[in-house]
Each structure stands twice: as structure tokens, then as C-alpha cells.
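Engineer: Here it is, the structure, as C-alpha cells.
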Amino acid sequence: MPVAREESPTVPHPILWNESLESTPQLQKATLLTSDQQAEFLELLTKGASPFGACEKLECSQLQLALTLAQDAEFSEKLKAIKEIQGQNVVAMLYQAALKGNVTARQFWLRHQPPADWRLAASPLEGQDLSDADLFDRCREAGLDFPPELTARLATPDLEA
Numbered sequence: 040m041p042v043a044r045e046e047s048p049t050v051p052h053p054i055l056w057n058e059s060l061e062s063t064p065q066l067q068k069a070t071l072l073t074s075d076q077q078a079e080f081l082e083l084l085t086k087g088a089s090p091f092g093a094c095e096k097l098e099c100s101q102l103q104l105a106l107t108l109a110q111d112a113e114f115s116e117k118l119k120a121i122k123e124i125q126g127q128n129v130v131a132m133l134y135q136a137a138l139k140g141n142v143t144a145r146q147f148w149l150r151h152q153p154p155a156d157w158r159l160a161a162s163p164l165e166g167q168d169l170s171d172a173d174l175f176d177r178c179r180e181a182g183l184d185f186p187p188e189l190t191a192r193l194a195t196p197d198l199e200a
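First residue of the sequence shown: 40, per my numbering; consecutive thereafter.
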């Protein structure tokens, strides 16, 4: 008895890829979000929706969102402002968790927001102002041996001690 084989969808040849994309109905009918859709999209984001979830709620495609963001600078700036506010909200919640005793939140907060008097002042590293000769002298005093390749490359006679 012959086995029925399910045919897999065909993938266009790379040369024809652009042509096949252009003939995709979804791409042909993609339009920008209306001002009402933009306002509702931003409102949904402020209430905690993901961009994907907001697109589903508005029954628009992510392509429409991307096209609108690319062509509407004012909408793009509003979205950036909302994301900034969302980030500040997360920082505030992290701070509240740290104050309530969450050890991980405390550690994270202090690592990324240390008090001003805890921050290390930039100080010069010891030995950073030494000349090469002084540095080699210190290495010799410490009993360090120089590899022959280094000594040969430097071609400095006083290193052969």
C-alpha cells in the first residue's frame, strides 16, 4: 500500500527571494498605524503589555509597527520616552525590594548605584610612571629572570646581567 507523503512548503530560490517577498499579501497591504492606533499602542505599553501583545490587541502586524516607527519620528520618540519611564519604574521597584530586605536586590543596587563616598577615586597605579630601565631593575631586584627572547628583542646590553 503506498504511503501518502505530505509535501513540504517550497522555499523560493535566493535569486527569487525579493520577488516572492514582494508578492506576499501581508507585505503588500502593510500600512502605517493610524494616530488612534499609535495612542492605543502606547497606552497598552504603559499598562504593561509587550509590543507583540499590543500589536495583537490592536490587530495590527509587527511590520506595521516597524514601518510606523521608521517613518514617524514623533511616535518613535514617544515610545523611547515610555521605555525610559518603564526602566525608571523597574529601578524604583528594585530599590523598594532592597529596602525591604531582599539581599539580591541590595547587592545589585549597591553594585550599580554605590554611595558617592564608596566610589574609588582614580589614582595612578604604582609603577606606572617608571621608565623601562627602572621597571627592569625592579624585576631583577625581585629575582625575576627575563626570557632570552625578551632580552634579545630589547637588545639592551645592561639587561644581560
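Using N, Cα and C, we set each Cβ at its ideal position, and we do this for glycine too.
When we look at the beta-carbon of residue 72 and count the other beta-carbons within 10 Å, is it buried (16 or more) or exposed?
Structural biologist: Answer is buried; the Cβ neighbour count reaches 16.
Engineer: Could you check where the alpha helix (DSSP H) with residue 148 kicks off and where it finishes?
Structural biologist: 142-151 is the extent of the alpha helix (DSSP H) around residue 148.
Engineer: Would you mind stating whether residue 104 and residue 90 have Cβ atoms separated by less than 9 Å?
Structural biologist: In contact: residue 104 and residue 90 (Cβ atoms closer than 9 Å).
Engineer: Apart from the five residues on each side of it in sequence, which residues of its chain come closer than 8 Å, Cβ to Cβ, to residue 110?
Structural biologist: Around residue 110: 71.
Engineer: What is the rounded straight-line gap between the Cα of residue 77 and the Cα of residue 94?
Structural biologist: The straight-line gap from Cα to Cα measures roughly 10 Å.
Engineer: Under the three-state reduction of DSSP, which class applies to residue 90: helix, strand or coil?
Structural biologist: Residue state, collapsed to three classes: helix.
Engineer: Is the separation between the beta-carbon of residue 117 and that of residue 81 shorter than 9 Å?
Structural biologist: Yes, the pair counts as a contact, with Cβ atoms nearer than the cut-off.
Engineer: Measuring alpha carbon to alpha carbon, tell me which residue in 134, 122, 186 and 100 is nearest residue 148.
Structural biologist: Taking only the C-alpha atoms, the option nearest residue 148 is 134.
Engineer: My output table needs one value for residue 111: the three-state DSSP class, helix, strand or coil.
Structural biologist: If DSSP states are grouped into helix, strand and coil, residue 111 belongs with coil.
Engineer: Can you give me the C-alpha to C-alpha distance between residue 180 and residue 188, rounded to a whole angstrom?
Structural biologist: Those two C-alpha atoms are separated by around 20 Å.
Engineer: Where does residue 98 fall in DSSP's three states?
Structural biologist: Reduced to three states, the DSSP call for residue 98 is coil.
Engineer: In chain order, what residues of the same chain lie with their CB nearer than 7 Å to the CB of residue 99, ignoring the 5 residues before and after it?
Structural biologist: Cβ neighbours of residue 99 beyond the five flanking positions: 72 and 76.
Engineer: Ordered along the chain, which non-local residues of its own chain (more than five positions away) have a Cβ less than 6 Å from that of residue 115?
Structural biologist: For residue 115, where only same-chain residues beyond five positions count, the Cβ hits under 6 Å are 108.
Engineer: By the three-class DSSP mapping on this structure, what secondary structure does residue 70 have?
Structural biologist: Three-state DSSP puts residue 70 in coil, outside helix and strand.
Engineer: Taking the straight line between their C-alpha atoms, what separation do you get for residue 101 and residue 169?
Structural biologist: Taking the straight line from one Cα to the other gives about 59 Å.
Engineer: According to DSSP, simplified to helix, strand and coil, what is residue 176?
Structural biologist: Residue state, collapsed to three classes: helix.
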